[in-house]
Amino acid sequence: MSTALPSPLRLALVITELEVGGAEQALVNLATGLTRERFSPVVYSLKPRPKNDLLVQRLEQAKIPVHFLDAGSRWQFFSAVWRLAQFFRQQQPQVVQSFLFHANVVATLAARRAKVPRMVTGIRVADPNVWRQRVERWLTPKVDRIVCVSQGVADFCQGKCRFPSEKLVVIPNGVDMSRFEHVLPAELTELGFLAGHPAILHVGRLDQQKGLDWLLAEVIPRVFRELPQYDLLLVGDGPQRETLEEQARKHVLPNRVHFLGWRSDVPEILSASDLLVLASRWEGMPNVVLEAMAAGKPVVATQAEGVVELLGEGATQQSCPAGDAVGFAERIIRLAQDRTLAAELGAQNQRRAAAEFSLEAMISRYEVLYESLIVG
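Position 257 of the sequence shown, counting from 1, maps to 262 under the numbering used here, and the rest follow consecutively.
What follows is the structure in structure tokens.
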């Protein structure tokens, strides 16, 4: 790049919270992976430091400054604009990059108050909330670029939300392939499984977006009738946990559905599982599918935004439209019963993840974007 670039470029990364999640992990991967001779990142979280602070620890270990604005309620987000603007005046970033809706709003307004030269927002999911779509559209004249994590999200932003196409940039999520190399499988009996019971795995937030209510009510009962030896393992937490636990007791045998909460050993649990399921109603580019691919596992997923892009030629056998309970269950059953097919698809997924969605490629695309905004 041109020697006219500031060295290192001062970058502010703003996110709603740093609880473990797909967007949060992507931000931490970006912050810790940037070339430090060229970029000086500082991370800001609107919400307080989470109890599960594994991602915060990663940032701190990398000696990246992290600031918490302690905006625990909707109304505190207004004061967060003022506080974040104060931080920006001190840091004087050349570029601000935000992740997630609330961070997009607060960071954009704060950047204008602090007269930050360049503002980049991030659209992580095809959010059906019409009010949020209108707010994001109102922000578009105030931002320089809008990063979409998949072409599906970009199409949604241009079509449904009517964002100007010249501001949209597609940068897919990347996965650190090394996290899934030489991994010893978790001992599932220590997680409550009966010896010899293979696992169907779901990893993600337990909320309405992820479609677990539908999965437990309409899909898993069909699967368990055909696969009496299989168990379902749910890694993650969220507002629907109690409701989902009650659903599990109602629709399936409760000792065959295991709620583990958030875990730091997802690569080991993936290694011990037969396949990953994703039942999302909407997405952007689901990190967990990418991680399963990196681990060499087959996937059964709804065709939410980003899923078909990730799976490529393997999408036909590993995905179906949201709401197709019969098709979803049939794909799980087939992969469980045809181990050769499952192994072939897993290997295909792993090759595709390494070739198309490496963490290094993602970081490089962000670096090029930020430097191009400064060079002009």
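All C-beta atoms in this analysis are idealised placements derived from N, C-alpha and C, irrespective of residue type, glycine included.
Residues that DSSP places opposite residue i in a beta bridge
i, result
"His417", "One cannot answer for residue 417 here, as it falls past the ends of the chain, which runs 6 to 381."
"Asp236", "Ala204"
"Leu173", "Ile151"
"Arg15", "Ser45"
"Gly216", "None, per the DSSP bridge assignment."
"Gly209", "For Gly209, which the question treats as bridged, DSSP gives no partner whatsoever."
"Phe73", "Ser50"
"Val180", "Ser363"
Pairwise C-alpha distance: residue j and residue i
i, j, result
"Arg253", "Leu374", "The identity of residue 253 in the sequence shown is Ala, whereas the question assumes Arg. When rounded, the distance between both Cα atoms is 45 Å."
"Leu346", "Leu316", "15 Å"
"Leu59", "Asp212", "21 Å"
"Leu258", "Leu217", "16 Å"
"Ser278", "Ala204", "5 Å"
"Arg117", "Cys162", "23 Å"
"Glu42", "Leu105", "27 Å"
"Leu206", "Leu280", "6 Å"
"Gly243", "Arg210", "5 Å"
"Asp236", "Thr145", "46 Å"
"Thr21", "Pro55", "11 Å"
"Val293", "Gly26", "10 Å"
"Val148", "Val125", "6 Å"
"Leu39", "Leu364", "11 Å"
"Pro133", "Ala200", "42 Å"
"Val33", "Leu64", "7 Å"
"Ala36", "Pro13", "14 Å"
"Leu89", "Pro53", "14 Å"
"Cys325", "Asn260", "28 Å"
"Leu249", "Phe264", "9 Å"
"Asp75", "Glu231", "49 Å"
"Gln214", "Gly328", "13 Å"
"Leu193", "Phe92", "46 Å"
"Leu114", "Arg94", "13 Å"
"Pro122", "Val100", "7 Å"
"Arg167", "Phe82", "26 Å"
"Glu195", "Gln322", "32 Å"
"Ala330", "Ile379", "49 Å"
"Arg370", "Gln234", "45 Å"
"Val154", "Trp80", "29 Å"
"Thr8", "Pro291", "Any answer about Thr8 is weak, because its pLDDT of 48 lies below 50 and its placement is not dependable; what the coordinates show is given next. Roughly 37 Å between the two C-alpha positions."
"Ser5", "Val19", "Residue 5 lies beyond the residue range present for the chain, which begins at 6 and ends at 381; the question has no answer from this structure."
"Arg15", "Glu29", "20 Å"
"Glu372", "Phe198", "44 Å"
"Gly164", "His202", "46 Å"
"Glu223", "Trp287", "18 Å"
"Gln355", "Val313", "15 Å"
Proximity below 8 Å, CB of residue i to CB of residue j
i, j, result
"Leu295", "Phe185", "no"
"Val130", "Val152", "no"
"Glu141", "Asn109", "yes"
"Ile274", "Val304", "no"
"Gln96", "Val47", "yes"
"Gln102", "Gly127", "yes"
"Gln342", "Gly319", "no"
"Ser45", "Leu23", "no"
"Val228", "Ala334", "yes"
"Arg150", "Lys172", "yes"
"Ala309", "Ala358", "no"
"Ala284", "Leu220", "yes"
"Gly289", "Gly311", "yes"
"Ala31", "Pro98", "no"
"Pro272", "Val208", "no"
"Ile338", "Val282", "no"
"Val111", "Val86", "yes"
"Ser276", "Ala191", "yes"
"Val180", "Gln156", "no"
"Val351", "Lys302", "According to the sequence displayed, residue 351 carries Gly and not Val. Yes, the pair counts as a contact, with Cβ atoms nearer than the cut-off."
Delimiting residues of the alpha helix (DSSP H) encompassing residue i
i, result
"Gly164", "156 to 164"
"Ile225", "225 to 231"
"Phe5", "Missing from the structure shown is residue 5; the chain here goes from 6 to 381 and no further."
"Thr126", "Here Thr126 belongs to no alpha helix (DSSP H); instead the beta strand (DSSP E) covers 123 to 128."
"Ala67", "Neither: Ala67 is in no alpha helix (DSSP H) and is coded neither H nor E."
"Ala36", "27 to 38"
"Trp287", "That residue, Trp287, is in no alpha helix (DSSP H); it is neither H nor E in DSSP."
"Glu141", "135 to 144"
Residue range of the beta strand (DSSP E) that includes residue i
i, result
"Gln102", "100 to 104"
"Cys281", "As written in the sequence, residue 281 is Leu, which differs from the Cys given in the question. Taken as a continuous stretch (DSSP letters only), the beta strand (DSSP E) holding Leu281 covers 280 to 283."
Contiguous beta strand (DSSP E) assignments of at least 3 residues, all confined to the stretch 248 to 276
Considered as a whole, the stretch 248 to 276 harbours 262 to 266 as its complete beta strand (DSSP E) runs of no fewer than 3 residues, in chain order.
Quick check for students: name the residue ranges of the alpha helix (DSSP H) that lie wholly in the stretch 298 to 377, counting only runs of 4 or more.
312 to 316, 320 to 323, 330 to 342, 344 to 361
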